[in-house]
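Number of protein chains: 2
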Amino acid sequence: MTDSARTDEYFLGLAIEQAQIGWDEGGVPIGAALVHDGEVLAVGRNRRVQMDSAIRHGETDCIEQAGRLRASIYRKSVLYTTLSPCFMCAGTALLYEIPRIVIGENRSFEKSESLLREYGVQVDVIDDPDCVRLMERMLAERPDLWLEDIGEEA
Amino acid sequence: MTDSARTDEYFLGLAIEQAQIGWDEGGVPIGAALVHDGEVLAVGRNRRVQMDSAIRHGETDCIEQAGRLRASIYRKSVLYTTLSPCFMCAGTALLYEIPRIVIGENRSFEKSESLLREYGVQVDVIDDPDCVRLMERMLAERPDLWLEDIGEEA
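These protein sequence lines are chains G and X, in that order. In terms of my numbering, the first sequence opens at residue 1 and continues consecutively. In terms of my numbering, the second sequence opens at residue 1001 and continues consecutively.
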């Protein structure tokens, strides 16, 4: 494993930790981390259930936790997320011109990767087994909540 | 003026009211309203300053205020916004498959309209003078805050 792959694994691990916390809270197990120049600016997780929120996905929650940042910070940051972003989260990354997104897995959901790439975002999919397992359990045990989270009818 | 134009003007008026409140609070004067079948589900406004938020734009705040809704509700709703949506807000509308967005003005900002149309959203731009005035004042009096809000360097 290269150093940069090890680095990605480490930061993705922080996102997975958040996803696990979200699952244990009764929520949607998706987590994220925002990293600038090797420094973690924030971690976050989907809080649809926990905050009764329609906009707190893993990535948006993470970006909210990071607070108000200068444009130049976002533009040199990497967003780690356990699951391939929905359009809202992809759009948030485009708004702030986050140049790279590292995705844990995209087997259970994939909507925005071609859009992100079209706008010049580097999208790297790890296909991490822990991320896959989290979503497999979600789809099996909380299917209605999942459909709600992605705007589909339960 | 047709009945449907009058209806749009009325609901856009609620969004403008929110934008004005946001301006008076020291914030970014952009407001929104979510309307389902003639019923206002929620209004909202940009709360970057008020909540120290990186994700509470007019449209996302409005959708958050509306709470957790069934997919079928979003899919028959209209989102009114005083300013043409950024990618985050456009992506949020795409996530929930909101079929129509009525935009107060797009002179001061326009990024996502072609994307929205590409995904089948009906986008109607009113070019409302009150909306134009709100943003002209914003750009003149709070330019740094505006740049922050759209992910540009101040």
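Backbone N, C-alpha and C define an ideal beta-carbon position, used for all residues, glycine too.
CB contact check: residue i to chain G, cutoff 9 Å
i, result
"Leu1079/X", "no"
"Gly1027/X", "no"
"Ile1021/X", "no"
"Met1088/X", "yes"
"Ser1112/X", "yes"
"Glu1039/X", "no"
"Ile1126/X", "no"
"Ile1055/X", "yes"
"Glu1064/X", "yes"
"Glu1105/X", "no"
"Leu1115/X", "yes"
Residue i at chain X interface by Cβ criterion, 9 Å
i, result
"Asp52/G", "yes"
"Thr82/G", "no"
"Arg68/G", "yes"
"Thr60/G", "yes"
Proximal residues of chain X, C-beta to C-beta of residue i below 7 Å
i, result
"Met1/G", "Here the premise fails: no neighbours, minimum Cβ distance about 33 Å."
"Tyr96/G", "Gly1151"
Contacts around residue i, its chain only, beta-carbon distance under 8 Å, and the 5 residues preceding and following it disregarded
i, result
"Ile21/G", "Gly31, Arg45"
"Leu1014/X", "Gly1031, Ala1033, Val1040, Val1043, Tyr1080"
"Leu1116/X", "Pro1085, Ala1090, Ala1093, Leu1094, Ile1101, Val1123"
"Lys76/G", "His36, Asp37, Pro99"
Simplified DSSP state of residue i, which is helix, strand or coil
i, result
"Val121/G", "coil"
"Thr1048/X", "Here residue 1048/X turns out to be Arg, not Thr, going by the sequence shown. Three-state result, Arg1048/X: coil."
"Glu141/G", "helix"
"Glu39/G", "strand"
"Thr2/G", "coil"
"Leu95/G", "helix"
"Val78/G", "strand"
"Ile1101/X", "strand"
"Ala1071/X", "helix"
"Ala33/G", "strand"
Within chain X, partners of residue i - CB distance below 8 Å
i, result
"Tyr74/G", "Gly1151"
"Arg48/G", "Arg1068"
"Gly44/G", "Per Cβ cutoff of 8 Å: no residues; Gly44/G is ~10 Å from chain X at best."
"Gly91/G", "Cys1086, Phe1087, Met1088, Cys1089, Ala1090, Gly1091, Thr1092, Leu1094, Ser1112"
"Ala71/G", "Leu1147, Glu1148, Gly1151, Glu1152, Glu1153, Ala1154"
Neighbouring residues, chain X, relative to residue i (Cβ below 9 Å)
i, result
"Ala33/G", "By Cβ distance, chain X contributes nothing, its closest Cβ being about 15 Å from Ala33/G, past 9 Å."
Cβ shell of residue i (< 6 Å), same chain only, five flanking positions each side left out
i, result
"Leu94/G", "Tyr119"
"Asp1130/X", "Ile1016"
"Ile73/G", "His36"
"Ser1112/X", "Pro1085, Phe1087, Ala1090"
"Gln18/G", "Gly31, Val43, Arg45"
"Asp149/G", "Val28, Arg48"
Contact set for residue i: own chain, Cβ-Cβ below 7 Å, skip 5 residues either direction
i, result
"Leu1139/X", "Ser1108, Trp1146"
"Asp1127/X", "Glu1105"
"Ala66/G", "Leu34, Leu41, Ala42"
"Gln50/G", "Glu25, Gly27"
"Ser4/G", "none"
"Thr60/G", "Met88, Cys89, Thr92"
"Ser53/G", "Arg47"
"Leu12/G", "Tyr80, Val102, Gly104, Ile126, Asp128"
Contact test: residue i Cβ vs the ligand NAP heavy atom, cutoff 8 Å
i, result
"Pro1129/X", "In the structure shown, the ligand NAP is absent, as is every other ligand, since no ligand is present at all."
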